[in-house]
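Just so you know, we're using this note's numbering here: the sequence shown kicks off at 78 and counts up by one. Heads up, the beta-carbon is just placed ideally off N, CA and C, and yes, glycines get one too. Here is the structure we will look at.
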Amino acid sequence: MFYIAEIEDNIAVPPDKLHLPLKDVVLELLRKQYEQTIIPDAGLIIRVFDADVDPVGVLPYGEAFARHKVIFRALIFKPHLQEVIEGDVVDITNFGVFINIGGLTGFVHISQILNDYIAYDDKHGVLTGQKTGRVLAIGDVVRCRVVSVSIPKRGVHPMRIALTMRQPYLGKIDWILEDIGLKKEEKDEKGEGM
78 MFYIAEIEDN IAVPPDKLHL PLKDVVLELL RKQYEQTIIP DAGLIIRVFD ADVDPVGVLP
138 YGEAFARHKV IFRALIFKPH LQEVIEGDVV DITNFGVFIN IGGLTGFVHI SQILNDYIAY
198 DDKHGVLTGQ KTGRVLAIGD VVRCRVVSVS IPKRGVHPMR IALTMRQPYL GKIDWILEDI
258 GLKKEEKDEK GEGM
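So, in structure tokens, the structure goes:
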């Protein structure tokens with residue numbers, strides 16, 4: 078889920094930037110510091126887009142930086158358990174697929190893709206259902222449900238998101254349309270016009 082959060086911080090403005098417009102400098106510094114980072118209770122900060130900066134800074138003893146109080150707004154992505162999301166397949170392995178979702182990568186284990194035995198074709202980099210013949214390839218758009226989220230407390234460890242596609246109305250979008258009959262109707266309509 079995407080949401081907008083207000084975050085309060087004190088930002089250190091270096092002396093060589095003090096002659097520039099304060100808000101522009103602070104936004105640049107906030108973007109470098111926060112964008113693409115994970116805050117444990119909030120999620121992944123996608124973009125810092127606005128800031129209210131106290132124009133009166135503090136010069137702490139022994140520091141060359143002017144510290145300014147700032148309240149900034151950021152676009153944040155945090156997946157929630159049982160949330161249904163759509164994304165693109167970005168990598169396929171013999172043990173599952175990686176899905177790009179909102180700036181993060183989620184993982185679907187091979188056992189959570191189809192109600193079918195799945196074969197991995199290393200040469201073409203696709204997964205194929207043995208009975209259904211359904212094929213999953215890089216670039217396919219899929220709908221998944223979040224089954225697990227692991228957010229690191231500190232450090233550079235990535236957020237881990239486990240997904241499933243093995244429930245009704247989940248999976249590759251073409252499979253869903255096929256299951257509800259829309260894909261067949263499209264084919265029939267195209268065939269009738271010829």
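- When the Cα atoms are used, residue 143 and residue 113 turn out to be separated by approximately 25 Å.
- Close CB contacts of residue 173 within its chain, under the 7 Å cut and outside five residues either way in sequence, are with 184, 185, 186 and 187 (chain order).
- Here residue 117 has 228 and 230 as same chain residues with Cβ atoms under 6 Å from its own Cβ, once five neighbours each way along the sequence are excluded.
- Rounded to the nearest angstrom, the gap between the Cα atoms of residue 241 and residue 167 is 16 Å.
- If the five residues before and after residue 78 are omitted, its C-beta is found closer than 8 Å to the C-beta atoms of 154, 155, 156, 157 and 160, all from its own chain and listed in chain order.
- Taking the C-beta atoms as reference points, residue 178 is found no nearer than 7 Å to residue 218.
- Taken through DSSP and simplified to helix, strand or coil, residue 105 comes out as helix.
- For the stretch 197-245, not one full-length alpha helix (DSSP H) segment reaches 4 residues or more.
- Check the Cα spacing between residue 199 and each of 103, 236, 139 and 171: the tightest is with 171.
- C-alpha of residue 213 to C-alpha of residue 203: approximately 6 Å in a straight line.
- For residue 155, the secondary structure class from DSSP, reduced to helix, strand or coil, is coil.
- Per DSSP, reduced to three states, the secondary structure at residue 256 is helical.
- When the beta-carbon positions are compared, residue 150 and residue 88 stay at least 7 Å from each other.
- Counting of Cβ neighbours within 10 angstroms places residue 148 among the exposed residues, the total staying below 16.
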